[in-house]
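According to this note's numbering, the sequence shown holds residues 86 to 294 in order.
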Amino acid sequence: MCHSSSPRGRAGRPRSAEAGEAILEATRAALVDLGWSKLSMGDVATRAGVAKTTLYRRWANKNELVVDAVAVLFDELELPDLGSLQADIEHVVVQFAALLERPETKTALMAVVAESTRDEPLRERIRTSIVERQKRLVLAGRERAQARGELPAGRDAEAVAMTDDLIFDVVAGAVVHRALVSAERVDGAWATRLSALLIGGLGALAEDA
């Protein structure tokens, strides 16, 4: 009789990957339940069903852990090909706003941003783990728009990079401010107005790139 060494439904899945997912999920849940000040590595370990030493082998402190717990949520954002740059932007804006409405995203993001104002290493981790990773959406959108002929190919690499940064800042800043600071709804109509404003500005910037 043949016996499988892997539990049913988990064949071929690394245990370390499962533990990592459980830890990040437990971190987000703990933030919602306890808030930043009461969150501890010990509480996360208990919720995740792992030893505290397992956490410290991967994350030096709760700051790093929380940033990574937030970062994987933003990795869910996608840029579908909807046929035009404006439609692509509108989709990402609405998708981003929906992500910010989730309690675990809202609580975690607000917590790490507030804490990063007095913690430079945390600010740098946010920059590399969240901001730089999500700029992939801007790069993909620009390249797709150029392939469609909606935007000209940039001649100056430095100017193109600066424009990419500006696009990201405008979209992310506008959505975060409206959803989390002003507590206003981000719907399709608002996304359409934002994308139209952005595309109008992109046309002017492209002429200088």
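Glycine is no exception: its CB is placed at the ideal position from the N, C-alpha and C atoms. The structure displayed is predicted, hence computed values, not measured ones.
{"Check": "In terms of residue numbering, what span does the alpha helix (DSSP H) encompassing T248 cover?", "Outcome": "242-261"}
{"Check": "Would a C-beta distance cut-off of 7 angstroms place N148 and L207 closer than the cut-off?", "Outcome": "yes"}
{"Check": "If L140 and M126 are in contact, beta carbons under 8 angstroms, what's the gap, nearest whole angstrom?", "Outcome": "5 angstroms"}
{"Check": "Does the pairing of the segment 238-248 with the segment 198-217 give three or more beta-carbon distances under 8 angstroms?", "Outcome": "no"}
{"Check": "In or out: H262 buried (at least 16 other Cβ within 10 Å) or exposed?", "Outcome": "exposed"}
{"Check": "Using a Cβ-Cβ cutoff of less than 8 angstroms, which residues in the same chain neighbour D204 once the five nearest sequence positions on both sides are dropped?", "Outcome": "N148"}
{"Check": "Beta-carbon separation of V223 and I252 under 7 angstroms?", "Outcome": "yes"}
{"Check": "Going by Cα to Cα distance, which pick from R210, D250, G105, L265 is closest to F181?", "Outcome": "L265"}
{"Check": "Does the separation of the CB atoms of L170 and A230 fall below 7 angstroms?", "Outcome": "yes"}
{"Check": "Tell me whether the beta-carbon of A107 lies closer than 7 angstroms to the beta-carbon of V129.", "Outcome": "no"}
{"Check": "What's the C-alpha gap between E175 and R210?", "Outcome": "28 angstroms"}
{"Check": "In whole angstroms, what is the alpha-carbon distance linking R212 and S267?", "Outcome": "23 angstroms"}
{"Check": "Could you compute how far the alpha carbon of S101 sits from the alpha carbon of R142?", "Outcome": "12 angstroms"}
{"Check": "With a threshold of 7 angstroms on Cβ separation, who are the neighbours of K137 within its own chain once the five nearest residues in sequence on each side are excluded?", "Outcome": "M126, G127, A130"}
{"Check": "Tell whether a beta-carbon distance below 7 angstroms holds between L164 and V177.", "Outcome": "yes"}
{"Check": "Run the CB neighbour count on T190, radius 10 Å, all protein chains shown included, and call it buried at 16 or more, exposed below.", "Outcome": "buried"}
{"Check": "What's the gap between the Cα of D249 and the Cα of V117?", "Outcome": "33 angstroms"}
{"Check": "Can you grab the Cα-Cα spacing for the pair L124 / V198, in whole Å?", "Outcome": "16 angstroms"}
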